[in-house]
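Working notes, beginning with the structure itself.
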Amino acid sequence: MKIPRRQFLASAAAGLASAGLATRLVTAADQKVPVAPVGERPPPPAGSQPFLTPAGDFEDVSRGTPKPWSLQGEALAQAELTPETWRLEVTADDAVLDYVKEKTSISRPLSLDLPALRELGRKHAVRYIKAMQCLNIPGPLGQGLWEGVPLRDVLRLAGKMMNVRRIYYWGFHNGDPKQIFRSSLSYSQVMETPPEELPVFLAYRLNGEDLTLKRGGPVRMVVPWAHGFKSVKWLQRIVLTNDYKANDTYAEKNNDPESHLKTAAYLNDVAKQVPSGQAVMVTGRAIAGWSGLQRVETWLRPVNGEVAELGEDDPAWESAKWNACQLDGPPGNWSSVLPKGISTKDVLGFDRRTGQPRSWPLRYSMVGWSATLNGLARGRYELRARAVDLNGFAQPEPRSMLKTGRNAIQVRRFEVV
Ligand SMILES: Nc1nc2c(c(=O)[nH]1)N[C@H]1C(S)=C(S)[C@@H](COP(=O)(O)O)O[C@H]1N2
Ligand SMILES: [Mo]
Numbered sequence: 101m102k103i104p105r106r107q108f109l110a111s112a113a114a115g116l117a118s119a120g121l122a123t124r125l126v127t128a129a130d131q132k133v134p135v136a137p138v139g140e141r142p143p144p145p146a147g148s149q150p151f152l153t154p155a156g157d158f159e160d161v162s163r164g165t166p167k168p169w170s171l172q173g174e175a176l177a178q179a180e181l182t183p184e185t186w187r188l189e190v191t192a193d194d195a196v197l198d199y200v201k202e203k204t205s206i207s208r209p210l211s212l213d214l215p216a217l218r219e220l221g222r223k224h225a226v227r228y229i230k231a232m233q234c235l236n237i238p239g240p241l242g243q244g245l246w247e248g249v250p251l252r253d254v255l256r257l258a259g260k261m262m263n264v265r266r267i268y269y270w271g272f273h274n275g276d277p278k279q280i281f282r283s284s285l286s287y288s289q290v291m292e293t294p295p296e297e298l299p300v301f302l303a304y305r306l307n308g309e310d311l312t313l314k315r316g317g318p319v320r321m322v323v324p325w326a327h328g329f330k331s332v333k334w335l336q337r338i339v340l341t342n343d344y345k346a347n348d349t350y351a352e353k354n355n356d357p358e359s360h361l362k363t364a365a366y367l368n369d370v371a372k373q374v375p376s377g378q379a380v381m382v383t384g385r386a387i388a389g390w391s392g393l394q395r396v397e398t399w400l401r402p403v404n405g406e407v408a409e410l411g412e413d414d415p416a417w418e419s420a421k422w423n424a425c426q427l428d429g430p431p432g433n434w435s436s437v438l439p440k441g442i443s444t445k446d447v448l449g450f451d452r453r454t455g456q457p458r459s460w461p462l463r464y465s466m467v468g469w470s471a472t473l474n475g476l477a478r479g480r481y482e483l484r485a486r487a488v489d490l491n492g493f494a495q496p497e498p499r500s501m502l503k504t505g506r507n508a509i510q511v512r513r514f515e516v517v
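Heads up: the sequence shown is residues 101 to 517, going by the working numbering.
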């Protein structure tokens with residue numbers, strides 16, 4: 101059956117609208133906004149959010165009763181969450197499943213302690229800067245310089261492997277199966293790292309210090325390209341399996357277990373009232389996800405009378421004027437940003453010889469942005485922000501499922517008086 105194009109678009113839009121999704125089509129005009137080349141972008145203004153989030157300032161998304169980070173003394177040692185008691189067990193799956201024909205085996209099951217992992221780190225340690233972002237929370241949790249040993253180098257110690265297609269892993273869960281928070285990766289994702297991609301690793305340091313219990317220490321998985329749910333805290337168990345299905349706890353909550361970190365723009369708060377004649381400085385943060393980040397744009401919309409939600413199918417979206425903002429450039433002085441003794445040359449994502457970032461923003465990192473609004477007449481306004489990825493797609497285009505990563509277009513309302 102042929103559906104006229106207009107009618108098709110209308111019904112597609114209605115479908116999206118009824119699903120409550122913040123999805124907008126990108127027009128060719130959208131893609132012609134000039135962006136300052138990396139070298140010309142000014143470093144972040146003084147007093148803006150720190151580039152690296154102190155470990156204690158991350159937003160915490162921890163499950164468990166009691167929360168594993170609240171354990172102390174003997175209970176903490178019993179939980180094997182002290183540097184002395186921590187162990188990582190790596191075994192082959194012995195489950196029998198009718199849809200899996202070949203049995204998994206490894207020649208050397210492992211029980212690794214922290215000194216052994218650190219010893220591996222002398223030769224194989226990697227560091228990179230990554231934003232931690234929950235798939236379901238509309239705002240980054242923090243950004244760290246994570247350090248540890250690639251998972252592939254740990255798995256190599258397990259000897260000869262047969263029939264491993266997936267890697268299942270989880271952490272301490274109060275010994276209660278109902279509290280397990282699991283995640284998984286394919287064997288290839290772990291063992292092979294494409295050029296410029298960052299490896300999955302077992303992190304034991306954050307911002308130059310031992311990983312705190314609250315951030316998932318002694319050891320946490322860090323999956324660079326993924327949302328937080330792949331980065332399991334208090335890591336203790338890895339099971340190599342020939343089961344090809346993802347076993348992620350997050351999948352049970354209607355989330356896409358294979359989703360990638362989304363490119364997204366977030367707005368900081370704006371003063372509710374601004375005196376007329378005064379410039380309005382708006383700021384926010386943006387994440388460079390899987391599809392990269394080209395620019396952030398804002399749309400300032402005068403609103404008269406009562407403020408109502410802008411419906412998904414409101415024609416105002418089609419005539420919206422989006423303006424490119426100023427994206428923060430690399431910090432002027434990296435040594436004041438990185439922990440003492442760490443050079444950018446030792447961090448993945450930077451050129452080994454020059455110490456310059458290989459791309460900006462760094463992959464999977466978070467940067468600040470700002471815009472100054474001048475000459476606003478008295479009245480009420482709505483300000484929206486969106487990110488445009490390296491494909492020229494304004495986010496959250498073209499994907500339509502927020503359960504693969506929340507990056508709807510945020511709005512702030514203010515009044516010029
Ligand atoms: N063991 C364990 N690991 C976990 C979780 C958890 O509940 N238990 N939450 C995950 C989710 S959903 C997110 S978004 C991140 C949050 O990391 P943070 O608490 O360091 O900010 O941790 C992940 N790792
Ligand atoms: Mo999360």
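From the three backbone atoms N, C-alpha and C, an ideal C-beta is built for every residue, glycine too.
Alpha-carbon spacing of residue i relative to residue j, whole angstroms
i	j	result
Pro461	Ala471	18 Å
Gly432	Tyr228	19 Å
Asp213	Asp157	28 Å
Leu367	Gly239	9 Å
Tyr409	Leu473	In the sequence as displayed, the identity of residue 409 is Glu instead of Tyr. So the two alpha carbons sit approximately 22 Å from each other.
Ser443	Glu174	38 Å
Gly72	Leu251	The first residue shown for the chain is 101 and the last is 517, placing residue 72 beyond what the model contains.
Ser284	Lys503	18 Å
Thr349	Thr191	20 Å
Arg506	Ala351	15 Å
Arg395	Ser465	14 Å
Ala110	Met321	With a pLDDT of 35 at Ala110, under the threshold of 50, the modelled position of that residue is not reliable, and the figure given next carries that caveat. Taking the straight line joining both Cα atoms gives about 44 Å.
Thr123	Arg401	Residue placement at Thr123 is poorly supported in this model, since its pLDDT is 38, which falls under 50; the coordinates still yield a value, given next. Between Thr123 and Arg401, the C-alpha separation is close to 18 Å.
Val380	Tyr287	50 Å
Arg458	Leu448	9 Å
Gln336	Ser205	20 Å
Thr182	Lys372	47 Å
Ala494	Val488	4 Å
Val221	Val407	Per the sequence shown, residue 221 should be read as Gly rather than Val. About 56 Å.
Leu490	Gly392	5 Å
Asp160	Leu235	14 Å
Asp356	Tyr199	22 Å
Glu358	Gln289	11 Å
Thr398	Gly308	36 Å
Arg512	Glu292	43 Å
Asn263	Gly317	31 Å
Asp414	Arg499	20 Å
Gln149	Cys425	17 Å
Lys278	Ala216	31 Å
Contact test: residue i Cβ vs ligand 1 heavy atom, cutoff 7 Å
i	result
Cys234	yes
Lys333	yes
Gly328	yes
Leu361	no
Phe301	no
Leu265	It should be noted that the sequence gives Arg, not Leu, for residue 265. Checking the Cβ of Arg265 against ligand 1 gives no.
Leu241	yes
Gly389	no
Gly505	no
Phe151	no
Arg305	no
Gly429	no
Whole-angstrom C-beta distance between residue j and residue i, which should lie under 8 Å
i	j	result
Asp428	Val467	5 Å
Val374	Phe514	6 Å
Pro168	Phe329	The pair is not a contact, with the Cβ atoms about 16 Å apart (cut-off 8 Å).
Val370	Leu483	6 Å
Ala485	Gln456	Contact doesn't hold; Cβ gap of about 28 Å is too wide.
Lys260	Ser207	4 Å
Gly377	Ala365	Rounded, the Cβ-Cβ distance is 28 Å, inconsistent with contact.
Asp193	Asp310	Actually they do not touch by this definition, with Cβ atoms about 31 Å apart.
Beta-carbon spacing of residue i, residue j below 8 Å
i	j	result
Leu302	Arg315	no
Ala521	Leu298	The chain is shown from 101 up to 517; residue 521 falls before or after that span and cannot be answered.
Arg463	Thr341	no
Trp469	Ala388	no
Leu152	Gln233	no
Trp186	Val319	yes
Arg218	Tyr304	yes
Ala258	Pro209	yes
Glu247	Ala225	yes
Val332	Trp270	yes
Ala508	Pro496	yes
Asn347	Arg282	yes
beta-carbon residue i near ligand 2 non-hydrogen atom, thresh 7 Å
i	result
Ala323	Reading the sequence as shown, one finds Val at residue 323 and not Ala. Val323: no, Cβ never under 7 Å from ligand 2.
Val161	yes
His273	no
### Task
Only counting runs of 3 or more residues, tell me where the beta strand (DSSP E) segments fall wholly within the stretch 405-480, in order along the chain.
466-473
### Task
Could you tell me which uninterrupted alpha helix (DSSP H) segments, each at least 4 residues in length, are contained entirely in the stretch 223-301, listed from first to last along the chain?
251-255 and 287-291
### beta strand (DSSP E) segments (min. 3 residues) lying fully within the stretch 316-342
320-322 and 335-341
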